[in-house]
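Read through the structure below, which is laid out as structure tokens, and then see the notes.
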Amino acid sequence: MTSPGLTFGGVLRSEWVKLRSVRSSGFTLLGASLTMIVTGLVFASTAGTDSDGADGVTDPTGITLSGVVFAQLVIGVLGVLVISGEHATGMIRTTLTGVPTRLPVLAGKVVVLAGTVFPAVLVSAVVVFFAGQVVMGGAGLPTARIGDAGVVGALVGSAVTMTGVAAIGLALGALLRNTAGAVSTLVVLVFLAPGLGGLLLPASWQDRALRFLPSTAAEAFTSVVPAPGLLTASAGAAVFAAWAVVPLLAAAVLLRRRDV
Numbered sequence: 019m020t021s022p023g024l025t026f027g028g029v030l031r032s033e034w035v036k037l038r039s040v041r042s043s044g045f046t047l048l049g050a051s052l053t054m055i056v057t058g059l060v061f062a063s064t065a066g067t068d069s070d071g072a073d074g075v076t077d078p079t080g081i082t083l084s085g086v087v088f089a090q091l092v093i094g095v096l097g098v099l100v101i102s103g104e105h106a107t108g109m110i111r112t113t114l115t116g117v118p119t120r121l122p123v124l125a126g127k128v129v130v131l132a133g134t135v136f137p138a139v140l141v142s143a144v145v146v147f148f149a150g151q152v153v154m155g156g157a158g159l160p161t162a163r164i165g166d167a168g169v170v171g172a173l174v175g176s177a178v179t180m181t182g183v184a185a186i187g188l189a190l191g192a193l194l195r196n197t198a199g200a201v202s203t204l205v206v207l208v209f210l211a212p213g214l215g216g217l218l219l220p221a222s223w224q225d226r227a228l229r230f231l232p233s234t235a236a237e238a239f240t241s242v243v244p245a246p247g248l249l250t251a252s253a254g255a256a257v258f259a260a261w262a263v264v265p266l267l268a269a270a271v272l273l274r275r276r277d278v
């Protein structure tokens, strides 16, 4: 329950006002979109320049969506800031005073964040896909069409992945209550863990363990031409969902139990 007279719709409106009134939120979302588009076009313009030439271009869709890997960091930071900023300023006390049961606040932040990130990222993915195919087609390279098998799934999956990373960032921000600590943890989990695992784990463990990391699990349902050793698309989606849901559940439990 929320306080008398305050419905969950009111919580959503409050969280939406907070998100759009902070200038850095808009800039961060724009930065993530631009990172996707610019990086994707750079990869599209340089595809086929290696020794394999056009024969090495087996996944035109994946090439244009290469920027998702880098944009995840930007969108993850947005997720962290959605809640860590309130802890830094002390505004979280006012928020939880208005919603003493607390959980609607976290749920409202998740809904508003996902409702903002998903459509923005999906539009960016569609834009860079079409623009990238034009670039590669002009260079005489293989291209993909929106109706080709797996293309729509890759575009939607990329938006889902970015939204999930934002949710992970939100959960880490709620758990750690510190922007620097949450961002650092996000970087290690999403970006550094696959490389570190490849260096530190025995070769016999790598294929079995690394495919369960969030970034590798996401590849399973965002790739038109999946790499060998990945989970199935459905299994990858389930594992990635768990990486987002479990930290959010932990954040919900601690939000109820800890003092502000």
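Oh and the sequence shown: position 10 is 28 in this note's numbering, straight run, nothing missing. Heads up, the beta-carbon is just placed ideally off N, CA and C, and yes, glycines get one too.
> Hey, is Gly103 close to the ligand MN, as in C-beta under 7 Å from one of its heavy atoms?
Replying inline: Judged by which ligands are present, the structure shown has none, so any question about the ligand MN falls away.
>> What would DSSP say about Gly168, mapped onto helix, strand or coil?
In response: Here Gly168 sits in coil by DSSP.
>> Are the CB atoms of Val257 and Leu279 within a distance shorter than 8 Å?
In response: The structure shown does not extend to residue 279, since the chain is modelled only from 19 through 278, so no value can be given for it.
>> For Arg38, count the other beta carbons within 10 Å of its own beta carbon; 16 or more makes it buried, fewer makes it exposed. Which is it?
In response: exposed
>> Rounding to the nearest angstrom, what Cα-Cα distance links Arg195 and Leu159 in this structure?
In response: Distance from the CA atom of Arg195 to the CA atom of Leu159, rounded to whole angstroms, is 48 Å.
> Arg163: buried (16+ other C-beta within 10 angstroms of its C-beta) or exposed?
Replying inline: exposed
>> Buried or exposed, going by whether 16 or more other CB atoms sit within 10 Å of the CB of Thr119?
In response: Taking every protein chain shown into account, the CB of Thr119 has fewer than 16 other CB atoms within 10 angstroms, so this residue is exposed.
> Arg163 by DSSP, collapsed to three states: which one?
Replying inline: coil
> Are the beta-carbon atoms belonging to Gly175 and Leu131 less than 8 Å from one another?
Replying inline: no
> How would you call Arg31, buried or exposed, if buried means at least 16 neighbouring beta carbons within 10 angstroms?
Replying inline: With a threshold of 16 other beta carbon atoms within 10 Å, Arg31 falls short and is exposed.
>> With H, G and I counted as helix, E and B as strand and the rest as coil, what does DSSP make of Glu122?
In response: Note that residue 122 is Pro in the sequence shown here, rather than Glu. DSSP places Pro122 within a helical segment (H, G or I) once states are collapsed to three.
> If you draw a straight line from the C-alpha of Leu298 to the C-alpha of Gly216, how long is it?
Replying inline: Since the first residue of the chain shown is 19 and the last is 278, residue 298 is not available in this structure.
> Three-state secondary structure (DSSP) at Gly221?
Replying inline: Checking the sequence, you will find Ala at residue 221 rather than Gly. Residue state, collapsed to three classes: helix.
>> When you compare the CB of Val208 with every CB in chain E, is at least one pair closer than 8 Å?
In response: No chain E is present in this structure, which holds just one protein chain.
> Since Ala262 is in the alpha helix (DSSP H), which residue starts that stretch and which ends it?
Replying inline: Ala251 to Arg275
>> Within a Cβ cutoff of 8 Å, which residues of the same chain sit near Leu273, ignoring the five residues on either side of it in sequence?
In response: Counting only Cβ-Cβ distances below 8 Å, and skipping sequence neighbours, we find Arg120, Leu121, Val123, Leu124 and Ala192.
> Apart from the five residues just before and just after Pro265, which ones in its own chain have a Cβ nearer than 7 Å to its Cβ?
Replying inline: Here the set comprises Ile186, Ala189, Leu190 and Leu193.
> Could you give the C-beta distance for Ile81 and Ala106, rounded to a whole number, given that I count them as a contact under 8 Å?
Replying inline: At roughly 39 Å, the Cβ-Cβ gap does not stay under 8 Å, so Ile81 and Ala106 are not in contact.
> How should Ser69 be labelled, buried or exposed, when 16 other C-beta atoms within 10 angstroms of its C-beta is the threshold for buried?
Replying inline: The predicted position of Ser69 is uncertain, since its pLDDT is 47 and thus under 50; no value can be drawn from it.
> Looking at C-alpha atoms only, which residue of Thr181, Val145, Ala269 and Phe230 is the closest neighbour of Ala251?
Replying inline: Phe230
>> Rounded to the nearest angstrom, what separates Leu114 and Val278 at their Cα positions?
In response: 8 Å
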